[in-house]
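The numbering of the sequence shown is my numbering, which starts it at 6 and goes up by one.
Where is the CB? At the ideal position from N, CA and C, for every residue including glycine.
Here the structure is laid out as C-alpha cells; the discussion comes afterwards.
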Amino acid sequence: MNSTRQNCAEVSWDFGFLRYPHSIQFEGGSVEVGEQYAAACEEIDKYRHRDGNLYPPIQRTVPIDWQTGEHGDPLENTERPARVFPPPLSHKIFISIPADDGDIRRGDAALIVHLLALLFDTRLQFDGWRFDGKVPIPDKSSILLLRGALEDSLCAIYQNWRLWSESHRNFFIKILYMHARAKSCEWSWYRFLTEYMVLDAIHRFSVQRGILKNEVKHRDRIIQMCEQFEVPQDARTIKSIVNVRNELIHEASIEGALPGTRTDDTFHLSKWLGRLNSR
Numbered sequence: 006m007n008s009t010r011q012n013c014a015e016v017s018w019d020f021g022f023l024r025y026p027h028s029i030q031f032e033g034g035s036v037e038v039g040e041q042y043a044a045a046c047e048e049i050d051k052y053r054h055r056d057g058n059l060y061p062p063i064q065r066t067v068p069i070d071w072q073t074g075e076h077g078d079p080l081e082n083t084e085r086p087a088r089v090f091p092p093p094l095s096h097k098i099f100i101s102i103p104a105d106d107g108d109i110r111r112g113d114a115a116l117i118v119h120l121l122a123l124l125f126d127t128r129l130q131f132d133g134w135r136f137d138g139k140v141p142i143p144d145k146s147s148i149l150l151l152r153g154a155l156e157d158s159l160c161a162i163y164q165n166w167r168l169w170s171e172s173h174r175n176f177f178i179k180i181l182y183m184h185a186r187a188k189s190c191e192w193s194w195y196r197f198l199t200e201y202m203v204l205d206a207i208h209r210f211s212v213q214r215g216i217l218k219n220e221v222k223h224r225d226r227i228i229q230m231c232e233q234f235e236v237p238q239d240a241r242t243i244k245s246i247v248n249v250r251n252e253l254i255h256e257a258s259i260e261g262a263l264p265g266t267r268t269d270d271t272f273h274l275s276k277w278l279g280r281l282n283s284r
C-alpha cells in the first residue's frame, strides 16, 4: 500500500518477502518491519518448498455470473500454476524526498528494494505488483551482513545514485532487477542467457559511467571487468562462458546439443556468472 505521512513529502510502499526482523536506516529514508511480518513468515514457512523456493500457487478457472457477480464451482481440467502471484508483504520502505516525481516503485524505492534482494539472495516485489516464476527464499544470505555495514552501504549507494542522470539511475535499477529475476529461471541455459544479459548491461553501464575506458569484444569483457574491479578470474571458466554464449546465440545449441537436453556445464557456469554479476 502507498501512503504519505502528514505534513511531509515522505512516501512509502509495502514490499516483501524479506526475512529480516530489524529496521534499516539510511540517509533519505528507511525500511521498517511491517505489521504483517509475522503472518508473512508463517505463510513462507507453510508454503516454501524444501529446495528453498516459493513457487506459484495453483490456480483454477471459476465462472462468474455476470448479473449477480456470484462465483460458480471451479471448472474441470483448468488447474495450472499461476502465471503471476502477489508477494507476502513483510516490510515498508519510506523515502523522504524522492529523486523524481512519480511512482517510487520505479525509482528510489526500487533501488533500495532490489539492492536488498541482491544482498539477501532473493527477489523482492512491491504491493500491487506480482512475481513471475519461483522466488528463492534462503535461510541465510551468502553475504555476511552486519546491520551497521548494511545501513552504511545502502546510504552510500543511494546518495551516489541520486547524483546520476535519470537515464543512468533507471539503467542501474534495471540491472539489479534482472539479476534478481535470473534466479527464477528454471532451465540452466535460460538462466545463463539472463545472467549474460546482466553482465553485458553492467559492462555497458560501466562504459557510460566512465568506469571502463571503452567497449571491447565479448571474449574480452569479463577479463576487462575483473581487472577493473579487482575480481579474481579463471581463464578456463571465462573461455567456457564465452563459448557457451556464442553457441547459444549463434547456433541455438548448447554443449553441442539442444537447449534443455544437456546442462551439466551450463548449470555451473550460470551459477558462476551470477556470483560474478553480484560482485
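- Valine 67 sits in coil when the DSSP states are folded into three classes, being neither helix nor strand.
- Contact annotation, histidine 119 with glycine 39: C-beta distance approximately 18 Å; criterion of less than 8 Å not satisfied.
- Between threonine 271 and isoleucine 259 the beta-carbon gap is near 6 Å, inside 8 Å, which marks them as a contact.
- Taken through DSSP and simplified to helix, strand or coil, glutamine 238 comes out as coil.
- One thing to note: arginine 128 has its Cβ within 8 Å of the Cβ of alanine 185.
- Of Leu94, Glu48, Arg65, the smallest CA-CA separation from arginine 135 is found for Leu94.
- The beta carbon of tryptophan 166 sits closer than 7 Å to the beta carbons of Leu116, Arg174, Phe177 from its chain, once the five residues preceding and following it are set aside; these are given in chain order.
- Its Cα nearest to that of phenylalanine 22, the residue Val140 stands out among Asp106, Val140, Arg88, Ser172.
- For the segment 116-202, the full-length alpha helix (DSSP H) segments reaching 4 residues or more read 152-166, 171-186 along the chain.
- With a beta-carbon spacing of about 37 Å, proline 68 and tyrosine 42 fall beyond the 8 Å limit used to define contacts.
- The continuous beta strand (DSSP E) containing lysine 97 extends over residues 96-100.
- Linking lysine 244 to arginine 224 through their CA atoms gives a straight-line distance of about 8 Å.
- About 5 Å separates the Cβ atoms of glycine 279 and glutamate 200, confirming a contact at the 8 Å cut-off.
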